[in-house]
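So the sequence lines, in the order shown, correspond to chains C and P.
Numbered as in the numbering used here, the first sequence ends at 520 without a single skipped number.
Numbered as in the numbering used here, the second sequence ends at 330 without a single skipped number.
Here's the structure, in structure tokens; my notes come after.
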Amino acid sequence: MNLVTVLPIVIPLVTAIVSLFAWRSLRVQRWISLAGAAGLLGSAVALLVAVRAGGIQATQIGDWPAPYGITFVADHLTATMVLLAGIIGMAVVPYSCASVDREQEEAAYHPLLHVLLMGVCGAFLTGDLFNLYVWFEVMLISSFVLMGLGGRRPQLEGALKYVALNLIASFIFLVSVGLLYAAVGTLNMADLATRVPDLDRGIATSLAMSFLVAFGVKAAVFPLFFWLPASYHTQPAAVAAIFAGLLTKVGVYAMFRVFTLVFVLRDVGATQTLLLVLSMLTMVTGVLGAVAQNELRRLLSFHIISQIGYMVVALALFTPLSIAAGVFFVAHNTLAKSTLFLVSGVVERRRGTYDLDRLGGTYRESPWLALLFALPALALAGIPPLSGFVAKLEIVQAGLEADAYIAVATALAVSLLTLFSMSKIWNAVFWQPPPASEPPPRRPPAGERWLMECPTAVMAAFTVVVGLAAGPLFGWTQAAADELLGPFGPSGYVERVLGEQR
Amino acid sequence: MKSLILQTATRYLFPLLVLYSVFLLVRGHHEPGGGFIGGLMAAAPIALCALAYDVDVARNLLPLRPIRLLALGLATAAGVSIGALFMGRPLLTGSWVELPMPGGGVLDLGTPLLFDLGIYLVVLGVVTQIIFSLATKSPLHWERDES
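Now the structure itself:
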């Protein structure tokens, strides 16, 4: 029995239920929601401390022994991801109190937000492939409702595209899980790790490919990303921040987990090469798509795709260094990307639009806000000493060591284009004078400013802190990579899970 | 379109369907059945009333508003799961007691039944909420006004 591995699920669940009971009072719901987010962050820190101190943590749900029951496992990768979810939850809850329309917020916004966080944490923690599917569905359903809240026409249009394409991915995922179970007879990931190597290579490769498609849609990898820019720009900024920061990363996490533990990437035929090519195409199409956009949130949405490419390239290189760099990149990107969406929401509250042609002059009006944008934007482009610089440097280094020169060249070129497109936002939103036809900006009341700008500022500060403390933090992601790909392979994970039964 | 045949049939079917839903719930303890299917079955008579009479009649049949049923059910199921943690066992671990029955048999009762009862309430709440929303065309306001 291991409390820290279940608390990140129990706390959001309890929060969601309690705030459902407080149905009539939005005030009470907000406080419960805030307390729940703080609790989640606290439990994430506790989980990380436990993993740092005692190695991989596992608990058998319902006391059913390992290959038969569902195991919850937390290694360094899981603990890092849960911590990111906790940080984003903590930032988004106060932010949404000020920014989400009251009507939307009253329609079960807070319970749904916590169910979404529970789904995300569950997906990170579970050690069972079918259970992973269940958590994906929890996330999908709650995110679908969050997207549709308010029921405006563009919102529903975006939400429908989102849910239709993600349902197809879920279907492929479920079919792959079924086929895998038919082939191997187990779905516990640790048990799979011991049995899949004996599987026929052809079957293993085709199963790996179908998982690649399923997770590829979730992670928005080329050519499966079309749902993302079609839906992310229709939501309130708070929801977009949590989606941008966390949801695609769950797909990336699933790839990291499945392709290191279940199907070891270098063993399953052409999957590694395919993944490498796809990741490069993802980087390039994402950033080119972004250059063509003229709406702030759409532009940022295309950048999500481009950045996913970096994470997948790190996985595809498949060396301990590249995996460590990939985990670092996921952490950096989650923080930076959410911050950018939070800033876009603050800008929108002032000027009432996301359209680049109608924005301008924000720098003169609020240099502070410009700084909050500049930090994550430069981090995204990879300017030292911010977090993105270290992340990209390590990926490039791993690429050079693996002789993947084309991938390295692509990553560097895409970085330049990212910088270009960030400077485009900078010019349009902050630097150039606003068009004369626009009404003067709204001055938000002090309470709203505190609620929206403080979480944004803390998140922006993270990009600096992660960049400056890169040494120790990189050591920690290297520990994650060692557990996934270290000298002994995933044997530590397997032993911890299957050993629990005795 | 009020149909006398449907209304009369509903009067007879209603208790049968409710009873059958409880049977399915309890049967799920050891055999196929359980909270999910039982909850669906419990929503059927409510839906039948909404069709045969009208939505308000159906709404008054429920002891609580659907959203409350949902919250109560979730709280029951989650409470049972989390209760195991306080007993020093992993999440969702079941506890069982064996009750000797008059006549020599033994009835083993366990917390999974309570968990299933929670699921039953959740499903009943969700399905009736969906039915009422569709019937009254106000999906997003969740009858806040009428409370």
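Every residue gets a Cβ at the ideal spot worked out from N, C-alpha and C, and that includes glycine.
All of these numbers come straight from a predicted model, not from anything done at the bench.
Chain C beta carbons: is any one of them nearer than 7 Å to that of residue i?
i	result
L275 of chain P	yes
I314 of chain P	no
I265 of chain P	yes
R272 of chain P	yes
A192 of chain P	no
E329 of chain P	In this prediction, E329 of chain P has a pLDDT of 42, which is less than 50 and means its spatial position is unreliable; nothing more can be read from the coordinates.
E326 of chain P	Residue placement at E326 of chain P cannot be trusted, given a pLDDT of 45 that sits under 50; what the coordinates show is reported in the next sentence. Not an interface residue.
L257 of chain P	yes
A318 of chain P	no
A260 of chain P	no
L323 of chain P	Because the pLDDT of L323 of chain P is 46, which lies under 50, any placement of that residue in the model is unreliable, and the question is left without a value.
A254 of chain P	yes
T311 of chain P	no
Name the chain D residues that come within less than 8 Å of residue i, Cβ to Cβ?
i	result
W49 of chain C	Structure shown: chain D not included; protein chains present are C and P.
Answer yes or no: does any C-beta atom of chain P fall closer than 7 Å to that of residue i?
i	result
F39 of chain C	yes
I159 of chain C	no
G203 of chain C	no
L31 of chain C	yes
D81 of chain C	yes
P26 of chain C	no
I35 of chain C	yes
Q78 of chain C	yes
Q519 of chain C	With a pLDDT of only 47 at Q519 of chain C, under 50, the local geometry of the prediction cannot be trusted, and the value read off the model is given with reservation. It does not: the Cβ of Q519 of chain C has no partner Cβ on chain P nearer than 7 Å.
Less than 7 Å separating the beta-carbons of residue i and residue j?
i	j	result
H132 of chain C	A34 of chain C	yes
Y250 of chain C	V195 of chain C	no
P112 of chain C	L469 of chain C	yes
V361 of chain C	L390 of chain C	yes
A256 of chain C	V110 of chain C	yes
V523 of chain C	I50 of chain C	Nothing in the structure corresponds to residue 523 of chain C, since chain C is present only between 19 and 520.
M108 of chain C	A55 of chain C	yes
L163 of chain P	L252 of chain P	Chain P is shown from 184 up to 330; residue 163 of chain P falls before or after that span and cannot be answered.
M329 of chain C	V432 of chain C	no
A587 of chain C	A342 of chain C	Coverage of chain C is limited to positions 19 through 520, which leaves residue 587 of chain C absent and any answer about it impossible.
L353 of chain C	T495 of chain C	no
P249 of chain P	T319 of chain P	no
L296 of chain C	F240 of chain C	yes
G406 of chain C	H350 of chain C	yes
G287 of chain C	F233 of chain C	no
N206 of chain C	D146 of chain C	yes
A226 of chain C	T289 of chain C	yes
V138 of chain C	L339 of chain C	no
F191 of chain C	A177 of chain C	no
Drop a sphere of 10 angstroms on the beta-carbon of residue i, count the other beta-carbons inside from all chains shown, and report buried for 16 or more, exposed for fewer.
i	result
W386 of chain C	exposed
N184 of chain C	buried
I424 of chain C	exposed
W279 of chain P	exposed
K355 of chain C	buried
G517 of chain C	exposed
I188 of chain P	exposed
F438 of chain C	exposed
F189 of chain C	exposed
S186 of chain P	exposed
Y86 of chain C	exposed
G104 of chain C	buried
Y195 of chain P	exposed
A427 of chain C	exposed
D299 of chain P	buried
H366 of chain P	Missing from the structure shown is residue 366 of chain P; chain P here goes from 184 to 330 and no further.
R460 of chain C	exposed
C115 of chain C	buried
Practice problem: Would you mind listing the alpha helix (DSSP H) stretches within the stretch 310 to 381 of chain C that are 4+ residues and don't spill past its ends, in chain order? | Solution: Taking only runs of at least 4 residues, the alpha helix (DSSP H) segments lying wholly in the stretch 310 to 381 of chain C are 314 to 335 and 338 to 369.
Quiz item: How do the stretch 473 to 490 of chain C and the stretch 118 to 130 of chain C stand: do at least 3 beta-carbon pairs fall below 8 Å, yes or no?
Solution: Contact between the stretch 473 to 490 of chain C and the stretch 118 to 130 of chain C is absent, because fewer than three Cβ pairs lie under 8 Å.
Quiz prompt | Within the stretch 80 to 166 of chain C, ranges of the beta strand (DSSP E) (whole runs, at least 3 residues) | solution = The stretch 80 to 166 of chain C contains these whole beta strand (DSSP E) runs: 89 to 92.
Practice problem: Enumerate, from N- to C-terminal direction, the unbroken alpha helix (DSSP H) stretches of 4 or more residues contained entirely within the stretch 251 to 283 of chain C. | Solution: If we require 4 residues or more, the alpha helix (DSSP H) runs fully inside the stretch 251 to 283 of chain C come out as 255 to 260 and 266 to 275.
Self-check item: Within the stretch 220 to 299 of chain P, ranges of the alpha helix (DSSP H) (whole runs, at least 4 residues)
Solution: Whole alpha helix (DSSP H) segments, 4+ residues: 238 to 244 and 249 to 269.
Practice problem: Mind listing, in chain order, the continuous alpha helix (DSSP H) runs of no fewer than 4 residues lying wholly within the stretch 43 to 73 of chain C? | Solution: The DSSP assignment places 44 to 72 as complete runs of the alpha helix (DSSP H) inside the stretch 43 to 73 of chain C, in order along the chain (cut-off: 4 residues).
Quiz item: Is it a yes or a no for the stretch 334 to 343 of chain C touching the stretch 356 to 365 of chain C, going by three-plus beta-carbon pairs under 8 Å?
Solution: Taking one beta carbon from each stretch, the stretch 334 to 343 of chain C and the stretch 356 to 365 of chain C have fewer than 3 pairs nearer than 8 Å; the two do not touch.
Self-check item: Given 8 Å, three or more beta-carbon pairs between the stretch 271 to 290 of chain P and the stretch 209 to 229 of chain P
Solution: No: fewer than three Cβ pairs fall under 8 Å.
Practice problem: Count the C-beta pairs between the stretch 222 to 242 of chain P and the stretch 258 to 265 of chain P that are closer than 8 Å, then say yes if the count reaches three, no if not. | Solution: Counting C-beta pairs closer than 8 Å gives fewer than three between the stretch 222 to 242 of chain P and the stretch 258 to 265 of chain P, which falls short of the contact rule.
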